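Below you'll find the structure, written out as structure tokens, and then a few comments.
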Amino acid sequence: MKNLNRQKSMELGELYRELRIARGLKLKDVVRDNLSLSQLSRFENGQTMLSADRMLLAISGIHMTFAEFGYALNNYKETPYFAVGKKIMELYGKQDVEGLKGLLEEYKDYERSEIYNHLNLLIIKDCIYSLESSYTIDQEEINLLTKYLYDIEEWTEYELYLFGNTLTLLSTEDLLFLGKAFVERDKFYSSIPSHDNAAKLALLNIISVLLERKQTYYVSYFMDVLEKLLTQQDMYFIAILNFFKLVIKCTEGEEQANQELEDFLSALELIGNPALVETLKAKQKQLLSAQG
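Residue numbering for the sequence shown follows numbering that gives the first Met the number 0, beginning at 0 and increasing consecutively.
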């Protein structure tokens, strides 16, 4: 165990030294209260590990975020579960059911923790189910998901990712409770850009699922929450939110609503996003048929 810790220390220390030198900083430039030059030097040489609080000080001392340092430590690759998430979304976008089933088999024992294995596989299973209605998911697995989401009081990016991609498996009652709880809990991490994006995607998915289930009464609450998070840079989220608003107007029978929706989709196509337009047209058909 001691040798393993020494090896890890060397890896972290070597990376830290490379990053510090690349940024034109000397050890004395990083030194601050509770972080001495000797501590930093021993860490870079693989002689000792830094405690968590000193590690954070050292990273901020070279003007990096902890997430950026972790990304560099992972050879500038995404974390494994987000990399898998991209594969899932690519296969789902292509409606490749067999590909998703292959991914399910490939990742069935990916995690050491049994619970995380089950939870990660549920994301793939949910995608398969949405494309193949005869596909079944055991209620025990859904109960595991629900219990996990209820038990974790402080959601991180992983819980947002899990929640946002398994919403269709939750009962409406659980979806509403967890959705409102997530809105309250999310304030702790909202300043982190990747977490902020995950939260906005989760809110869009909540709105979509509630519209499919004809729960329009609750939709306005989540729309209001999402609108307060949006900035001028969030054109993707703004576009989809406006799409949902127009769909609601159509279901309420407002005059000119159908024409407004057609004009909106045409405008999106003109600015060069045909893939998004096709996705929204499919969602339009699904939502309007559900409301009908």
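Glycine residues also receive a C-beta, built at the ideal position from the N, C-alpha and C atoms.
Note that this is a predicted model, so its numbers are computed, not measured.
Where residue i falls: helix, strand or coil (DSSP)
i: R19; result: helix
i: R41; result: helix
i: L203; result: helix
i: L49; result: coil
i: L229; result: coil
i: L24; result: coil
i: H62; result: coil
i: N257; result: helix
i: S133; result: coil
i: K282; result: helix
i: K1; result: With a pLDDT of only 44 at K1, under 50, the local geometry of the prediction cannot be trusted, and the value read off the model is given with reservation. DSSP places K1 in helix when its eight states are reduced to three.
i: E10; result: helix
Residue i versus residue j: straight-line alpha-carbon distance, rounded
i: G101; j: I87; result: 11 Å
i: T47; j: R41; result: 6 Å
i: I247; j: I206; result: 11 Å
i: R5; j: L121; result: Low confidence applies here, because R5 scores a pLDDT of 49, under 50, leaving its location unreliable; read the following figure in that light. Answer to the nearest angstrom: the Cα atoms are 37 Å apart.
i: G92; j: S133; result: 19 Å
i: L130; j: F236; result: 24 Å
i: N142; j: E211; result: 22 Å
i: E233; j: F263; result: The sequence given here has Asp at residue 233, not Glu. Taking the straight line joining both Cα atoms gives about 17 Å.
i: K107; j: I114; result: 11 Å
i: S112; j: L56; result: 31 Å
i: K1; j: E105; result: Per-residue confidence for K1 stands at a pLDDT of 44, beneath the threshold of 50, marking its modelled position as unreliable; the derived number appears in the next sentence. Cα to Cα, the separation comes out at about 34 Å.
i: L3; j: I20; result: Because the pLDDT at L3 is just 44, under 50, the model does not fix this residue reliably, and the value given afterwards should be weighed accordingly. Near 26 Å, if we compare the C-alpha coordinates of I20 and L3.
i: V96; j: N272; result: 25 Å
i: L260; j: Q94; result: 25 Å
i: S59; j: N73; result: 18 Å
i: L24; j: H117; result: 45 Å
i: S219; j: T64; result: 35 Å
i: I270; j: A238; result: 12 Å
i: E43; j: T278; result: 50 Å
i: E10; j: D52; result: 19 Å
i: E254; j: V182; result: 34 Å
Residue i, enclosing alpha helix (DSSP H) - first and last residue
i: T250; result: M234 to T250
i: D173; result: T171 to R184
i: G271; result: Premise fails: G271 is in no alpha helix (DSSP H) and is neither H nor E.
i: T167; result: Looking at the DSSP string, T167 is not in any alpha helix (DSSP H), and its letter there is neither H nor E.
i: Y149; result: Q138 to D150
i: L159; result: E156 to G163
i: E113; result: E113 to L130
i: V96; result: V96 to E105
i: L34; result: L34 -> no alpha helix (DSSP H), and no H or E assigned at all.
Best match in the options for proximity to residue i [C-alpha to C-alpha]
i: D195; options: L229, S207 and K179; result: L229
i: L175; options: I122, L209 and F68; result: L209
i: E17; options: E153, E172, S59 and A71; result: A71
i: S193; options: L169, L49, A66 and Y128; result: A66
i: L225; options: K179, G252 and N257; result: K179
i: I136; options: N116, L202, Y15 and L168; result: L168
i: L148; options: S170, E172, Q138 and L177; result: L177
i: M54; options: N44, N33 and N74; result: N33
i: S170; options: N73, V218, Q138 and G252; result: Q138
i: L240; options: L49, D185, G84 and D223; result: D223
i: L49; options: G12, F181, N257 and C249; result: G12
i: G45; options: K244, K280, H62 and Y15; result: Y15
Beta-carbon proximity list for residue i, same chain, < 7 Å, skipping 5 on both sides
i: I151; result: E158
i: L200; result: G163
i: L286; result: L210, E211 and V246
i: L144; result: L118, L121, T165 and L168
Nonlocal neighbours in the same chain, by C-beta distance under 8 Å from residue i, ignoring five residues either side
i: K124; result: L103, Y134, I136 and E140
i: L99; result: I87, L90, Y91, I123, C126, I127 and L130
i: K27; result: L36
i: A197; result: E156, L159, Y160 and G163
i: V83; result: L102, Y106, Y109 and N119
Close-in-space but distant-in-sequence residues of the same chain around residue i (CB under 6 Å, 5 per side omitted)
i: V276; result: L264, L267 and E268
i: F221; result: L202, I205 and I206
i: D173; result: T145
i: F242; result: L279
Residue i CB to nearest heavy atom of the ligand FAD below 7 Å
i: L11; result: No copy of the ligand FAD occurs in the structure displayed, which carries no ligand at all.
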